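Protein chains in written order, with the numbering used here: chain A, 5 to 401; chain B, 5 to 401. Heads up, the beta-carbon is just placed ideally off N, CA and C, and yes, glycines get one too. As the structure is a computational prediction, the values presented were derived from the model and not from experiment. The structure appears below as structure tokens.
Protein chains: 2
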Amino acid sequence: MAAEPNAIVGQSGGPTCVINQSLVGVIEAVRDMGGVGTLLGAVHGVRGVIDEKFIPLDSLDGGTLERIAETPSAALGSTRDKPDAAYCEKIFRVCEKRNVRYFFYIGGNDSADTARIVNDLAKKAGYELRVVHIPKTIDNDLRTTDHCPGYGSAARFVACALMGDDRDNASIPGVKIDVIMGRHAGWLTAATALGRQDEADGPHLIYLPERPVAEDQLVADVDAVLKKHGRCVVAASEGITAPDGQAWAQKITETQERDAHGNIQLSGSGALGDYIAGLVKGKLKAKRVRADTLGYMQRSFAGFASAVDQKEARLAGRMAVQYAMADDVDGSVAFERTGNGDKYGIRCFRTDLANVARETKDLPDAFIAANGHDVTKAFIEYAMPLTGGLPKIAKLF
Amino acid sequence: MAAEPNAIVGQSGGPTCVINQSLVGVIEAVRDMGGVGTLLGAVHGVRGVIDEKFIPLDSLDGGTLERIAETPSAALGSTRDKPDAAYCEKIFRVCEKRNVRYFFYIGGNDSADTARIVNDLAKKAGYELRVVHIPKTIDNDLRTTDHCPGYGSAARFVACALMGDDRDNASIPGVKIDVIMGRHAGWLTAATALGRQDEADGPHLIYLPERPVAEDQLVADVDAVLKKHGRCVVAASEGITAPDGQAWAQKITETQERDAHGNIQLSGSGALGDYIAGLVKGKLKAKRVRADTLGYMQRSFAGFASAVDQKEARLAGRMAVQYAMADDVDGSVAFERTGNGDKYGIRCFRTDLANVARETKDLPDAFIAANGHDVTKAFIEYAMPLTGGLPKIAKLF
Numbered sequence: 005m006a007a008e009p010n011a012i013v014g015q016s017g018g019p020t021c022v023i024n025q026s027l028v029g030v031i032e033a034v035r036d037m038g039g040v041g042t043l044l045g046a047v048h049g050v051r052g053v054i055d056e057k058f059i060p061l062d063s064l065d066g067g068t069l070e071r072i073a074e075t076p077s078a079a080l081g082s083t084r085d086k087p088d089a090a091y092c093e094k095i096f097r098v099c100e101k102r103n104v105r106y107f108f109y110i111g112g113n114d115s116a117d118t119a120r121i122v123n124d125l126a127k128k129a130g131y132e133l134r135v136v137h138i139p140k141t142i143d144n145d146l147r148t149t150d151h152c153p154g155y156g157s158a159a160r161f162v163a164c165a166l167m168g169d170d171r172d173n174a175s176i177p178g179v180k181i182d183v184i185m186g187r188h189a190g191w192l193t194a195a196t197a198l199g200r201q202d203e204a205d206g207p208h209l210i211y212l213p214e215r216p217v218a219e220d221q222l223v224a225d226v227d228a229v230l231k232k233h234g235r236c237v238v239a240a241s242e243g244i245t246a247p248d249g250q251a252w253a254q255k256i257t258e259t260q261e262r263d264a265h266g267n268i269q270l271s272g273s274g275a276l277g278d279y280i281a282g283l284v285k286g287k288l289k290a291k292r293v294r295a296d297t298l299g300y301m302q303r304s305f306a307g308f309a310s311a312v313d314q315k316e317a318r319l320a321g322r323m324a325v326q327y328a329m330a331d332d333v334d335g336s337v338a339f340e341r342t343g344n345g346d347k348y349g350i351r352c353f354r355t356d357l358a359n360v361a362r363e364t365k366d367l368p369d370a371f372i373a374a375n376g377h378d379v380t381k382a383f384i385e386y387a388m389p390l391t392g393g394l395p396k397i398a399k400l401f
Numbered sequence: 005m006a007a008e009p010n011a012i013v014g015q016s017g018g019p020t021c022v023i024n025q026s027l028v029g030v031i032e033a034v035r036d037m038g039g040v041g042t043l044l045g046a047v048h049g050v051r052g053v054i055d056e057k058f059i060p061l062d063s064l065d066g067g068t069l070e071r072i073a074e075t076p077s078a079a080l081g082s083t084r085d086k087p088d089a090a091y092c093e094k095i096f097r098v099c100e101k102r103n104v105r106y107f108f109y110i111g112g113n114d115s116a117d118t119a120r121i122v123n124d125l126a127k128k129a130g131y132e133l134r135v136v137h138i139p140k141t142i143d144n145d146l147r148t149t150d151h152c153p154g155y156g157s158a159a160r161f162v163a164c165a166l167m168g169d170d171r172d173n174a175s176i177p178g179v180k181i182d183v184i185m186g187r188h189a190g191w192l193t194a195a196t197a198l199g200r201q202d203e204a205d206g207p208h209l210i211y212l213p214e215r216p217v218a219e220d221q222l223v224a225d226v227d228a229v230l231k232k233h234g235r236c237v238v239a240a241s242e243g244i245t246a247p248d249g250q251a252w253a254q255k256i257t258e259t260q261e262r263d264a265h266g267n268i269q270l271s272g273s274g275a276l277g278d279y280i281a282g283l284v285k286g287k288l289k290a291k292r293v294r295a296d297t298l299g300y301m302q303r304s305f306a307g308f309a310s311a312v313d314q315k316e317a318r319l320a321g322r323m324a325v326q327y328a329m330a331d332d333v334d335g336s337v338a339f340e341r342t343g344n345g346d347k348y349g350i351r352c353f354r355t356d357l358a359n360v361a362r363e364t365k366d367l368p369d370a371f372i373a374a375n376g377h378d379v380t381k382a383f384i385e386y387a388m389p390l391t392g393g394l395p396k397i398a399k400l401f
């Protein structure tokens, strides 16, 4: 009797607070399904595959699995490697060598593309390999799916950060700039609006990569809010873009490089926030201008994930196993919304890897306010259920 | 029959996540005690007193009170005003004019000093005015009390931030710098250690204002951790100090001012974190060096307060009313620990305003590791119960 086939699971790209829920979903479903020799956890994603650094995941007890599921960031380690054809060939060779017949890869659009290439190589070689991609990204920018596991928790984090920061700003008025992750799409920056209760609440201005803004316009917008409310909270995407199409962060870095401060990063840096604060302070002579860059906490903060996001990420992992092992198909796991508001729910469906690979999805026009610096009610209705609910707060004035 | 006397309550200084718990404690206890005409909420602290901007707090329903208690930051508004003798005189005159016989002031050491001066003025004038200060500060630097309301929630926030960030750093290795609030004392920076489970976990280096460090030393420390663990997470106080006694942030600002970048702030800015990251990157040629400044979220993040801190802050508000109205004494509310670990508990006691006013309390030597860049087990045992418990996470490698 031939040895039972093996399976690989790996994690890739910028981690999220629920990427380990998907990992645990895969582990549980493989165990439930049976028929797999060893489930190999690839250490640091595809890098671990080609280096053959694996952790066997078959013997973890239920308590450990639940704690892993609650742990933010990639428990198997992640990688920024973006495999080319030769790299994918190596991945495929390791699968062949180790009798791996199932390959589960949790990641974003680049990971879907890697999965697609490995899948094509297997097909060409006539080697039976089921490849399923499991979506994850706080950026929420994958195509086809209604939303991405990881986004709901990040949205919850930024919404609560801005709820608190807005109260802080109301308590001691001034101008506050908050810089939010999401280089190319405004999904996460848009979520800063979720905690607002009325028109006086911040963020008063929301700058998305999808709506370029000139420095003078931003300063004029802040001035108008200050005149109306005596204070102003700004949520700016790290991907905020000038009308010429260049990212503000890029312009600033170039300036700083000319000043021989070449050590400033585009992410993991407060430079953009400080630049915007300096601009407002300089041009408006505003008192008490502060900037925070919410940073890596948006994707990694422990103990504050969205319960809805956790559950859906677990389900995505389980469904990937279902598609590969029961249905014998390749693809990517996607969500379709079956109801919204109080009746919020999703169902999973399989989509081709090519539908998720490479290209991404911006915030649609219907979610962006006409003034270009706010979100619509439709966006709030879309995003709110994903947060699992926000804390209830109140005001005295 | 003379009209019933009135009472004032106000909030001051940098807000916390539980400062409104103390406010609600005052409101509830005044109502329970009876005998007060109107409880006047001073809008923006002492500024609201002298401008006579008050909100009556007698008619708020229980549901609203609970939501106010859960709301981060000062619901009455805060102030940075530090009253001098003439300002205190004005406060006293408003109390006289409005038949205010009880003055509750929620704040830090400066607020305690204001309370002390107003109290002295009343005594000199032979005017019956009970003044009670209610401690609050994320800095945990007030004298006499075991700990300060507000600290436990901020400690919980930074502990969970570092737990997640350490997993993020393990997932994609590099050097990560996290800058923590607390200009003069290292209490909050020390709390970044609370989520560590073993020696491989970050933060691997903790720099406190109490232990000056030279730039070269910090770089050498990071180098040693990189050689041992292949990655390094640093928690640095915003008050990190050089051996000559000057704050790093101060030195950086001076440099930047010479470069005509005069708009960089000491707080609400990523400048210090970016500077440390640049230093490490430049001197060690380390790849992937990132910095986050945890910023105002440490004191204002919504929905993540410590349950222990919430309860104690509420109690502090109630006890202030007890001291003033039942016991007919002035002072500040303080905590004494009655047990620790599983048997953690506190009791409240009254202390003289002078014991809390002006001077502050650094992290004691017993809480700082001999190497100068870590905390001791005694600190962990001191601070852990205040967080209300941390999430349970697990590792695969």
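Query, Result
"Inspect the beta-carbon positions of Leu288 of chain A and Val226 of chain A and report whether they are closer than 8 Å.", "yes"
"So, using beta-carbon positions, are Cys152 of chain B and Leu125 of chain B closer together than 8 Å?", "no"
"Any idea what DSSP makes of Lys315 of chain A, helix, strand or coil?", "helix"
"In the DSSP assignment, what are the bridge partners of Glu340 of chain B?", "B:Arg351"
"Could you check where the beta strand (DSSP E) with Ile138 of chain B kicks off and where it finishes?", "134-139"
"Quick check on Asn267 of chain B: does DSSP put it in helix, strand or coil?", "Per-residue confidence for Asn267 of chain B stands at a pLDDT of 43, beneath the threshold of 50, marking its modelled position as unreliable; the derived number appears in the next sentence. Looking at Asn267 of chain B - three-state DSSP - the assignment turns out to be coil, as it is neither helix nor strand."
"For Ala264 of chain A, is the classification buried or exposed, using 16 other Cβ atoms within 10 angstroms of its Cβ as the cut-off for buried?", "Confidence at Ala264 of chain A is low in this model, with a pLDDT of 38, below 50, so its placement is unreliable and the value that follows should be read with caution. So Ala264 of chain A counts as exposed."
"Given a threshold of 16 other Cβ atoms within 10 Å of its Cβ, counted over all protein chains shown, does Tyr300 of chain B qualify as buried or as exposed?", "buried"
"Along chain B, which residues have their Cβ under 7 Å away from the Cβ of Ala11 of chain A?", "What Ala11 of chain A touches in chain B: nothing, since even the nearest Cβ is about 16 Å away."
"Taking the alpha-carbon of Gly345 of chain B as reference, which of B:Ala382, B:Arg102, B:Asp65 has the nearest alpha-carbon?", "B:Ala382"
"Note down, one range per segment and in chain order, each beta strand (DSSP E) of at least 3 residues found wholly within the region 115-179 of chain B.", "134-139"
"Would you please verify whether the beta carbon of Leu400 of chain A is less than 8 Å from any beta carbon of chain B?", "yes"
"Quick check: the Cα distance between Gly376 of chain B and Asp366 of chain B, rounded to an integer number of angstroms?", "14 Å"
"Could you tell me the boundaries of the beta strand (DSSP E) in which Gln302 of chain A lies?", "Unbroken run through Gln302 of chain A is the alpha helix (DSSP H), 301-304; no beta strand (DSSP E)."
"State buried or exposed for Thr391 of chain A, treating a residue as buried only when at least 16 other CB atoms are found within 10 Å of its CB.", "buried"
"If I follow the unbroken beta strand (DSSP E) through Ala239 of chain B, where does it start and stop?", "236-241"
"With DSSP as the reference, please indicate the residues paired to Val293 of chain B in a beta bridge.", "B:Val179"
"Quick check: what's the CA-CA separation for Val28 of chain A versus Val136 of chain B?", "53 Å"
"I want to see whether chain D comes within less than 8 Å of Leu357 of chain A, judged by CB atoms only; does it?", "Among the chains of the structure shown, chain D does not appear; the protein chains present are A and B."
"For Arg105 of chain A, which three-state DSSP category applies?", "strand"
"Counting only beta-carbon separations shorter than 8 Å, does Pro76 of chain B have a partner in chain A?", "yes"
"Exposed or buried, Pro207 of chain A, counting other C-beta atoms within 10 Å across all chains shown (16 or more means buried)?", "buried"
"If you measure from the beta carbon of Gly81 of chain A to each beta carbon in chain B, is any gap under 8 Å?", "yes"
"Check the C-beta distance from Ile217 of chain B over to Ile244 of chain B and give it rounded, since I have them as a contact under 8 Å.", "Checking the sequence shown, residue 217 of chain B turns out to be Val, not Ile. Right, their Cβ atoms sit about 7 Å apart."
"With H, G and I counted as helix, E and B as strand and the rest as coil, what does DSSP make of Cys210 of chain B?", "Per the sequence shown, the amino acid found at residue 210 of chain B is Ile instead of Cys. If DSSP states are grouped into helix, strand and coil, Ile210 of chain B belongs with the strands."
"So Leu394 of chain A contacts chain B; which residues on that side make the cut at Cβ distance below 8 Å?", "Ala306, Gly307"
"Determine, using beta-carbon pairs with one atom in the region 22-41 of chain B and one in the region 185-203 of chain A, whether at least three such pairs fall under 8 Å.", "no"
"Output the distance between the C-alpha atoms of Gln201 of chain B and Ala165 of chain B, rounded to the nearest integer angstrom.", "14 Å"
"Just grab the DSSP bridge partners of Gly335 of chain B for me.", "B:Val136"
"Whose Cβ in chain A lies nearer than 7 Å to the Cβ of Gly277 of chain B?", "Gly274"
"Would you give the residue range spanned by the beta strand (DSSP E) that Gln15 of chain B belongs to?", "10-15"
"Please classify Thr20 of chain B: is it buried, with 16 or more other beta-carbons within 10 angstroms of its beta-carbon, or exposed?", "buried"
"Please name the residues in the region 184-215 of chain B whose beta-carbon is closer than 8 Å to at least one beta-carbon of chain A, in chain order.", "Gly199"
"On the three-state DSSP scale, how would you describe Ala429 of chain B?", "In the structure as shown, chain B starts at 5 and stops at 401, and residue 429 of chain B therefore has no counterpart that could be examined."
"Who are the Cβ neighbours of Glu242 of chain A in its own chain at under 7 Å, not counting the five residues just before and after it?", "Val183, Ile184, Met185, Gly186, Arg187, Ala253, Ser271, Leu276"
"Anyone know if the C-beta pair for Arg120 of chain B and Ala324 of chain B falls short of 8 Å?", "no"
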